[in-house]
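In this note's numbering, the protein residues as written are 4 to 216.
Read the structure below first, then the notes.
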Ligand code: AP5
Ligand code: MG
């Protein structure tokens, strides 16, 4: 969990040592929009405005992902669950498959830093690599270091939309934070500092045996 731009995607890319699947609900939704699927068309407007996709639609999609993956593989979820309704449903799915959560990582970043990070973010549309105009620019301006594709700016990274997303996040995350705190699963981290520092902060709190297994 974490506010928009806290660095969930950036951290997930750096936690490859966990060797578990990284699943980002936002990336999944953006692919649906790109493919012009019926679902993509129905969620496009809400996402561009920085609103949440309805619980019903989110659960429908995430259910497909959850039940479609091999039970033996762990996962790192980014952006889901995002409301209490989603979390309660997710708990039920885990129960049925007799799976347990290791923890809920919460990345915390002040609003002004959020705006700075998101208005400067650029993304590779082909491989999803993340860049930032100041803190992590590509070697050649506007072009992905890896595949050479032209970088794009996310529609919802316009400043007024970012501020709206941040406000919504504060509102919707409160009960969720409580939910995971009550289960003794909440791990809070400051998302300030460079990406390597944030990743180190998180890894230092993990059980290393788990990471290497
Ligand atoms: P989603 O894609 O999940 O967006 P988000 O939560 O707003 O988070 P972001 O992806 O914008 O930020 P991030 O934390 O991943 O940061 P990043 O690593 O990119 O969701 C988008 C939309 O989808 C939602 O608004 C909603 O409409 C819908 N949605 C998704 N899930 C949903 C759900 N469960 N229910 C309902 N609706 C849902 O980093 C940001 C930038 O900062 C990058 O440029 C990066 O290079 C830079 N950066 C990162 N870390 C650092 C650092 N430590 N120092 C300096 N720069 C850094
Ligand atoms: Mg992300």
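Quick reminder that beta carbons are idealized off the backbone N, C-alpha and C, glycines included.
Computed from a predicted model, the values in this text were never measured in an experiment.
- Query: Going by DSSP, what residues sit across from residue 190 in a beta bridge?
  - Reply: Here residue 190 is taken as the residue at index 187 of the chain shown, counted from 1. Bridge partners of residue 190: 108.
- Item | Under the three-state DSSP convention, the category residue 197 falls into | Here residue 197 corresponds to residue number 194 of the chain shown, with the count starting at 1. In the displayed model, residue 197 falls within coil according to three-state DSSP, outside both helix and strand.
- Report yes or no: do the segment 123-143 and the segment 178-187 share at least 3 C-beta pairs separated by less than 8 Å? Taking a cut-off of 8 Å for Cβ pairs, the segment 123-143 and the segment 178-187 do not touch, as fewer than three such pairs fall below it.
- Leaving out the 5 sequence neighbours to the left and right, which residues in its chain are closer than 6 Å to residue 84 when beta-carbon positions are compared? The residue labelled residue 84 in the question sits at position 81 within the chain shown. Correct list, in chain order: 90, 93.
- Roughly how many angstroms lie between the CA atoms of residue 212 and residue 147, to the nearest whole one? As a first step, residue 212 must be located in the chain shown, where it is residue number 209. As a first step, residue 147 must be located in the chain shown, where it is residue number 144. Confidence at residue 212 is low in this model, with a pLDDT of 44, below 50, so its placement is unreliable and the value that follows should be read with caution. Going by the C-alpha atoms only, they are around 35 Å apart.
- Query: residue 6: beta carbon under 7 Å from a heavy atom of the ligand MG?
  - Reply: Translated into the one-based positions of the chain shown, residue 6 becomes position 3. Every heavy atom of the ligand MG is 7 Å or more from the Cβ of residue 6, so no.
- Query: So does residue 45 have its beta carbon nearer than 7 Å to some heavy atom of the ligand AP5?
  - Reply: To locate residue 45, count along the chain shown from 1; it is residue 42. It does not: the Cβ of residue 45 is nowhere closer than 7 Å to a heavy atom of the ligand AP5.
- Query: Exposed or buried, residue 37, counting other C-beta atoms within 10 Å across all chains shown (16 or more means buried)?
  - Reply: By one-based count along the chain shown, residue 37 stands at place 34. Here residue 37 is exposed: its Cβ has fewer than 16 other Cβ atoms, across all protein chains shown, within 10 Å.
- Message: If we require 4 or more residues per run, which alpha helix (DSSP H) segments fall completely within the segment 68-98?
- Response: none
- Message: As a quick exercise: from 191, 6, 13, 73, pick the residue whose alpha carbon is nearest that of residue 53.
- Response: What you label residue 53 is simply residue 50 of the chain shown in a count that begins at 1. Per the Cα distances, 6.
- Which one or two residues does DSSP pair with residue 25 in a beta bridge? Here residue 25 corresponds to residue number 22 of the chain shown, with the count starting at 1. In DSSP, residue 25 forms a bridge with 79.
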